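Okay, so here's the structure we're looking at.
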Amino acid sequence: MTPTPDSEPPNPAPVPAPPPSTAPVPAPPTSPPASLSSTPSSLQDFYEGGAFHQAHDFIISDPTQFNDVSPMNFGFRELLKYSMPDAFHDSSARFPPPRCHLGTRNDYIELITNWALGKSDRKEPIIWMHGPFGTGKSAVAQSCAEALAPINKLAAALFFSCSDPGRNDPRRVFTSIARQIASKCPSFKKIIIGRHMIENLTLAMASLSTQFDHLLVHPLRQVDITDSGLDGCVVIIDGLDELRGTADQCEIIKIIAASVHKRTTPFQWFITSRPEDTIIRTMNSPAASSARSCIELPVSREIDHEVLLYLTDEFTKIREDHGLPESWPPEEAIPLLIERGAGHWAYVSNITQFIKNENSLGPEDQLRFILESVKDDSVKLDNTLAELDSLYTLVMQRVPLKPRTLVQKILLVYSIFDPRPSYISIILGLPTEQLLSACASIWSVVEVRGSRLSSMVIKICHTSFLDFIKDPRRSGGLCIWGDFLVGYRQELLEWLHEVCSRSTDSLNPAVFSGTTLPVGVARVNHFYYVLAWFWRLCSVPEHPLDFQTAMSLAKLPFKKMLWLAGHNRMQTVSAGPVRENLPAKFRDEIVRKNKCPIPGCTNTENVWILGHGVGELVPRQWNGGEFLLVNNETPPDGECFCGAQS
Numbered sequence: 002m003t004p005t006p007d008s009e010p011p012n013p014a015p016v017p018a019p020p021p022s023t024a025p026v027p028a029p030p031t032s033p034p035a036s037l038s039s040t041p042s043s044l045q046d047f048y049e050g051g052a053f054h055q056a057h058d059f060i061i062s063d064p065t066q067f068n069d070v071s072p073m074n075f076g077f078r079e080l081l082k083y084s085m086p087d088a089f090h091d092s093s094a095r096f097p098p099p100r101c102h103l104g105t106r107n108d109y110i111e112l113i114t115n116w117a118l119g120k121s122d123r124k125e126p127i128i129w130m131h132g133p134f135g136t137g138k139s140a141v142a143q144s145c146a147e148a149l150a151p152i153n154k155l156a157a158a159l160f161f162s163c164s165d166p167g168r169n170d171p172r173r174v175f176t177s178i179a180r181q182i183a184s185k186c187p188s189f190k191k192i193i194i195g196r197h198m199i200e201n202l203t204l205a206m207a208s209l210s211t212q213f214d215h216l217l218v219h220p221l222r223q224v225d226i227t228d229s230g231l232d233g234c235v236v237i238i239d240g241l242d243e244l245r246g247t248a249d250q251c252e253i254i255k256i257i258a259a260s261v262h263k264r265t266t267p268f269q270w271f272i273t274s275r276p277e278d279t280i281i282r283t284m285n286s287p288a289a290s291s292a293r294s295c296i297e298l299p300v301s302r303e304i305d306h307e308v309l310l311y312l313t314d315e316f317t318k319i320r321e322d323h324g325l326p327e328s329w330p331p332e333e334a335i336p337l338l339i340e341r342g343a344g345h346w347a348y349v350s351n352i353t354q355f356i357k358n359e360n361s362l363g364p365e366d367q368l369r370f371i372l373e374s375v376k377d378d379s380v381k382l383d384n385t386l387a388e389l390d391s392l393y394t395l396v397m398q399r400v401p402l403k404p405r406t407l408v409q410k411i412l413l414v415y416s417i418f419d420p421r422p423s424y425i426s427i428i429l430g431l432p433t434e435q436l437l438s439a440c441a442s443i444w445s446v447v448e449v450r451g452s453r454l455s456s457m458v459i460k461i462c463h464t465s466f467l468d469f470i471k472d473p474r475r476s477g478g479l480c481i482w483g484d485f486l487v488g489y490r491q492e493l494l495e496w497l498h499e500v501c502s503r504s505t506d507s508l509n510p511a512v513f514s515g516t517t518l519p520v521g522v523a524r525v526n527h528f529y530y531v532l533a534w535f536w537r538l539c540s541v542p543e544h545p546l547d548f549q550t551a552m553s554l555a556k557l558p559f560k561k562m563l564w565l566a567g568h569n570r571m572q573t574v575s576a577g578p579v580r581e582n583l584p585a586k587f588r589d590e591i592v593r594k595n596k597c598p599i600p601g602c603t604n605t606e607n608v609w610i611l612g613h614g615v616g617e618l619v620p621r622q623w624n625g626g627e628f629l630l631v632n633n634e635t636p637p638d639g640e641c642f643c644g645a646q647s
C-alpha cells in the first residue's frame, strides 16, 4: 500500500513525487521516468508482463471483472491518463463552473451558438474572443459549451487554469481533445484507441504537431465525417494564455490555423484568451488572420443592467438563506457596487463571494464592511483594477497578522511549487486542521473541497487574485513575492542550518521541538521537501539572492544536508538557475561546474559540485543540467557517482 499524508506509513514514509513542472521532478537514476518505463511497449508486453505473469493454480470466479484488459479499454485508459479531465466543461473538479447568470451575456452566447450552427454572418472557422481578466470570457465559453452539448454540436471543450497542474499542460491539449471526441464518436474511438494509442504509446510525449497529426488528422481521415456527426462541431479552448509556455500557446494557434487552411479536421474552433502580446501577434499573422474572426469582450459600463440583475438575484438568495429582513440590503448598496464595479464582472462576483463568506460574522457585517470601505473618500480609485485590488486588500487585511503570514506561505507554495494540499501540508508542517483553518480565513477568494489531505483540493476562485498577490505594486506589504519571499527564504535557510547542526540520524532529522507534522509524515520526509522547496525558492529568477543570504548559503554543509535527505528519493533539481541567481562572488562556493575533484574519477566531463571545503559534495548527476536530491554515500575508491547519469 502506498501511504498518503493521512495514513500511518513505515518510517521513513514514502511520499508522493513532486510536480513535473517545478523542482523536483521524478527521475530514477538508472532508468527512464516511471511514467514511460512502466508503460508496455506492445500488446504482448501488456499481457505477458501484467499482474498474472507466471501465476498458476488460481480461479477467476467472475471473468467479467477483467473485461477492461482488452486492447480497446487499455488504449482508452492510456489516452485518459494523458488527458486533462479536470479541464473538461462538465468536470466535477470545476463544479460549479463559472457560467453566465440567467439573462446576462445573451448577445455573446447567441453570436457564438449561431456561428456554430451556420446561422451567422461570420464564416471564419476560428473565433477568437479576447478581453482583460475578469470580463467573463470563461463564463461565456462555459455557457456556450452547455448550449452546444445537448444538440451534439460540441466536439470538445477545455478550460485552462495557470494555477492548476491538472489544467495547464500544453502536451495534453490534443490528447484531451481526442479523448472527448472518442467518447462521442464510436468509429473514431475504435481507430484512435485500437491502433494509434497502442501501437505508439509515446505519442503523449511527442511534439504538438505530431500529436495533432496522429491523434486527430490521421484517424479522422478514416471516419465518415458526415455520418459521424462531427462535421462542423465546435472545439472550445478557454484561457489559452493560462497554458504553460507562451511558445506552446502560439504553436497551438499555428497548428489549428494550418489545419483549417488544409481542411484536415472538420471542426470550428472557439478560442478565448487575454490579449497577450504573443497571442495577438500570432492571431494577426498571415497564417492565422485569414481564418479567424475576433470578438472583443471589454470592460464596459454598457453591461450595468446585467450587473444589476446579477446582484439583485444574488442578494435575494443571501437574504433568503440567512433569514434577513426585506429591507436588506440597504437601498444604496446595489447602485454603489455597480458604480464601483464599472462593468467588471470579476469585481461584482468577488464582492458576492466576500459577503457570503461562511467564516465571517455574517452577510450583514460583511456588506457593512464593504460599504464603509467604498465610501471612504480617502481612497481615490480611478480604474476597475484598483477597485479589485482594494477588495483583495480588504480580504487579506481581515486575516489577523499571525495567520496571515501562514496564508501567504500557503499561497506561495501553491503558486510556484504545487497546489496540492498534501505537498503544502508536508512542506509547511501543517496538520490538516490548521491548513483548513488558514484557507477558511480567505474563503471568499479560495475554495477548499474535501477534508482529507489525500483527496482535498484547493482552488483559487479567480486568477486575478494570484496576479494581485504576486505583484508588489498592487498588493504592497501583502505580496508573497518581493520582501516576503526574501525573508521567507532566509527563515528556511536558518532552519536548514539548525537541523543540520543538531541531526545525527539520517532517518530522523532533528526537526524543531514543537513542530507538529501531519499524521503519517516522517521527519525525513518533512526535511526532504523543505530542502526541495528551499532550492526552488532560490531559483526564482525575479528574485536573485542577496549578499547576506548567499553568504549564509555558502556555509551550508551540503554533504551532510543531502545525507539527511534520505536514501530512497529519486528526484532531480536544476543547478543552473540557482547558480545564475547568486551574486558572482559566491557562485563557485555554492554551485559550480568543473572537473570532478574525487581522486581516481575518470569522468572527463564537467560535473556539478555543491559547496566547498569539508562540506563539498559531488552529487549524482542527471541529464547534464540537474542532480539527484538524495543521499550521496561515499563510493568505493576509484569510483564516482558523477558520471552515472550524465
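Its first residue numbered 2, the sequence shown is counted upward by one per residue in this note's numbering. Think of the CB as a built atom: it goes at the ideal place given N, C-alpha and C, for glycine as much as any other residue. Computed from a predicted model, the values in this text were never measured in an experiment.
In the DSSP assignment, L338 falls within the unbroken alpha helix (DSSP H) covering A334 to G342.
Contact annotation: P299 and G132 have beta-carbon atoms nearer than 9 Å. In this structure, L241 is the residue among N582, L241 and S291 with its C-alpha nearest to the C-alpha of F271. Under the three-state reduction of DSSP, H613 is assigned to coil, being neither helix nor strand. Within the DSSP secondary-structure output, L618 pairs in a beta bridge with L611. Taking a C-beta distance under 9 Å as the contact criterion, T265 and Q212 do not qualify as a contact pair. When the Cα atoms are used, P331 and W496 turn out to be separated by approximately 52 Å. Counting every other CB atom within 10 Å of its CB across the protein chains shown gives H262 a total below 16, marking it as exposed. Within the DSSP bridge table, the entry for F271 names I128 and I237 as partners. Runs of the beta strand (DSSP E) lying entirely within the segment 124-168 and spanning at least 3 residues, in chain order: 127-131 and 155-160. Assignment of C480 by DSSP, reduced to helix, strand and coil, places it in the coil class. Excluding sequence positions up to five before and after V400, its CB lies within less than 8 Å of the CB of V408, S442 and I443, all in the same chain and listed in chain order. Per DSSP, E252 is one residue of the alpha helix (DSSP H) stretching across T247 to K263. Shown here, I193 sits in a helix according to DSSP, grouped into three states.
Burial is judged here by how many other beta carbons sit within 10 angstroms of a residue's own beta carbon; V579 has at least 16 and is buried. It is roughly 19 Å from the alpha-carbon of L479 to the alpha-carbon of F370. Rounded to the nearest whole angstrom, the C-alpha separation of L309 and L532 is 51 Å. The three-state reading of DSSP puts C295 in strand, counting E and B together. Scanning its chain for C-beta atoms nearer than 7 Å, with the 5 sequence neighbours on each side dropped, one finds around P86 the residues S92, in chain order. Here DSSP, grouped into helix, strand and coil, assigns W116 to helix. Rounded to whole angstroms, F160 and I280 show a C-alpha spacing of 17 Å. The residue from Q269, W564, P99 and T550 with its alpha-carbon nearest to that of R621 is W564. Separation of G488 and E111 (C-alpha to C-alpha, rounded to the nearest whole angstrom) is 51 Å. Inclusion of P99 and A140 in the CB contact set at 9 Å is warranted, their separation being smaller than that value. Leaving aside the five residues that flank H102 on each side, the residues in its chain whose CB is nearer than 6 Å to its CB run, in chain order, Y311. L629 is bridged by DSSP to T573. Exposure of R453 is indicated by the presence of fewer than 16 other C-beta atoms within 10 angstroms of its C-beta. Every unbroken stretch of the beta strand (DSSP E) spanning 3 or more residues and falling wholly within the segment 429-495 is given here in chain order: 447-450 and 458-461.
Boundaries of the alpha helix (DSSP H) around V375: P364 to K376. Spanning the alpha carbons of K586 and A551 requires a straight line of approximately 9 Å.
Contact between P267 and D232 holds: their C-beta atoms lie close to 5 Å from each other, under 8 Å. For S294 against E125, the beta-carbon gap comes to about 4 Å, under 8 Å, which counts as contact.
Buried is the label assigned to D390, since at least 16 other Cβ atoms lie within 10 Å of its Cβ.
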